[in-house]
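K.L.:
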Amino acid sequence: MRYPDGQISQLGDIVSLGGQLGTVVSDIDGGHYGTAPEHSAEQWAYLGEGVMIEFESYGLIHYIEPEHDLVLVRRG
275 MRYPDGQISQ
285 LGDIVSLGGQ
295 LGTVVSDIDG
305 GHYGTAPEHS
315 AEQWAYLGEG
325 VMIEFESYGL
335 IHYIEPEHDL
345 VLVRRG
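In our numbering, the protein residues as written are 275 to 350.
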């Protein structure tokens, strides 16, 4: 997935959505998954594309295309 500014998302990226911070925990596009069982390929590879981002306030969200206000804060 690409962020609205054109940068490619990566596992571990810290992002902001509506002022809330989140972390890219699974990069399905790139085939990179977090070490926690709930972020594994076994859990999410079936989705085929996109990323999983975990937000403290919103929970775990699957994105194929980013929200217009999803911003990369820093690389993880």
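From the three backbone atoms N, C-alpha and C, an ideal C-beta is built for every residue, glycine too.
Cα-Cα, which of I282, T297 and W318 is closest to F329?
P.N.:
Along the sequence shown, one-based indexing puts residue 329 at 55. With distances taken between Cα atoms, F329 lies closest to T297.
K.L.:
Determine the contact status of I338 and M275, defining contact as a CB-CB distance below 8 Å.
P.N.:
Looking up residue 338 in the sequence shown gives position 64. Looking up residue 275 in the sequence shown gives position 1. Going by C-beta atoms, I338 is nearer than 8 Å to M275.
K.L.:
How many Å lie between G293 and V347 at the Cα?
P.N.:
In the sequence shown, counting from the first residue as 1, residue 293 sits at position 19. In the sequence shown, counting from the first residue as 1, residue 347 sits at position 73. If you take the alpha carbons of G293 and V347, they lie about 11 Å apart.
K.L.:
Which residues bound the alpha helix (DSSP H) around Q317?
P.N.:
On the sequence shown, residue 317 is found 43 positions in, with the first residue counted as 1. A315 to W318 is the extent of the alpha helix (DSSP H) around Q317.
K.L.:
Within 10 angstroms of the Cβ of S283, are there 16 or more other Cβ atoms? Answer buried if so, exposed if not.
P.N.:
Locating residue 283 in the sequence shown gives position 9, counting from the first residue. S283 comes out buried.
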